[in-house]
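One gets my numbering by counting positions in the sequence shown from 1 and adding 1291 to each. Structure first, then comments.
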Amino acid sequence: MNIFSDVYIAIRSFFEAGGPVLWGILAVTIIMWTLIVERFWFFRYVLPERIKQTTSQWQARKGNQTWYSNKIKDQLISEISVDTHRFILTIETMMLILPLLGLLGTVVGMIKVFDVMTFFGTGNARLMASGVSQATIPTMAGLVAAISGLYIANLLKRKADVEVAKVSDLLVNE
């Protein structure tokens, strides 16, 4: 039980030192990782059934060599493409927003340092250090959160492209 209170105190002091921007970084990071987990869930459990439905729908058609049937095939592939690429752009956008939120934290922390210097001069090192930590912690947190999503976002994008190509190969003209 003591270890949980120690962890809680450490996290709380980290957020207090990082300033209010750190809460925004946490919120965006949680949303980003929720969408990432949703995409993995989709690729693992939902997409295989969706591909089965699409291929059975295509195979149930008669005369798959007409212009009209090619347009239907294109529509089926497009629907799978939309489903597989859903939220990937949102994840990439959040990945780009996180470092900018970190830079906002840097600006807020530097303003705090300059306020301290205005009122107390350079003599109060403790208050200046508080502002410097408030300037550096959000930058670090924003970069770490963005980098954590970078590889996964690229992996999801490649996976979506591969799955669309796979469906395109499955829907062949007879």
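The beta-carbon is built from N, C-alpha and C at its ideal position, and this holds for glycine as well.
The stretch 1425–1434 touching the stretch 1306–1316, judged by at least three CB pairs closer than 8 angstroms
As far as the Cβ criterion goes, the stretch 1425–1434 touches the stretch 1306–1316, which means the pair count is three or higher.
Under the three-state reduction of DSSP, which class applies to PRO1311: helix, strand or coil?
Here PRO1311 sits in coil by DSSP.
For the alpha helix (DSSP H) containing ASN1445, list its first residue and its last residue.
Under the DSSP assignment, ASN1445 falls in the alpha helix (DSSP H) whose first and last residues are 1416–1461.
Give the straight-line distance between the Cα atoms of ALA1456 and LEU1447, rounded to the nearest whole angstrom.
When rounded, the distance between both Cα atoms is 14 angstroms.
PRO1339 classed as buried or exposed, judged by whether at least 16 other C-beta atoms fall within 10 angstroms:
Of the other Cβ atoms in all chains shown, fewer than 16 fall within 10 Å of the Cβ of PRO1339; this residue is therefore exposed.
Quick check: the stretch 1318–1336 against the stretch 1364–1381, are there 3 or more CB pairs under 8 angstroms?
Because the criterion of three Cβ pairs below 8 angstroms is met, the stretch 1318–1336 and the stretch 1364–1381 touch.
Could you give the first and the last residue of the continuous alpha helix (DSSP H) run that contains THR1384?
Going by DSSP, THR1384 is part of the alpha helix (DSSP H) stretching over 1379–1411.
From SER1347 to VAL1399, what distance separates their C-alpha atoms?
For SER1347 and VAL1399, the distance between alpha carbons rounds to 57 angstroms.
Which of the three DSSP states, helix, strand or coil, is assigned to GLU1465?
With a pLDDT of only 47 at GLU1465, under 50, the local geometry of the prediction cannot be trusted, and the value read off the model is given with reservation. Under the three-state reduction of DSSP output, GLU1465 falls in the coil class, being neither helix nor strand.
What's the C-alpha gap between LEU1394 and TRP1358?
The alpha-carbon atoms of LEU1394 and TRP1358 are separated by roughly 54 angstroms.
Straight-line CA distance for ILE1468 to GLY1422?
Nothing can be reported for residue 1468: it is not among the residues displayed for the chain, which extend from 1292 to 1465.
Beta-carbon spacing of VAL1404, MET1419 below 9 angstroms
Cβ distance < 9 angstroms, so VAL1404 and MET1419 count as in contact.
I need the DSSP call for ALA1351, collapsed to helix, strand or coil.
In the structure shown, ALA1351 falls within a coil segment according to DSSP collapsed to helix, strand and coil.
For ASN1355 and LYS1343, the rounded distance between their alpha carbons:
Distance between the alpha carbons of LYS1343 and ASN1355 is about 18 angstroms.
Could you spell out the range, first to last residue, of the alpha helix (DSSP H) harbouring VAL1337?
In the DSSP assignment, VAL1337 falls outside any alpha helix (DSSP H) and carries neither an H nor an E.
Three-state secondary structure assigned by DSSP to GLN1356
For GLN1356, the three-state secondary structure derived from DSSP is coil.
Tell me whether VAL1298 sits in a helix, a strand or coil according to DSSP, three-state version.
Helix, per DSSP.
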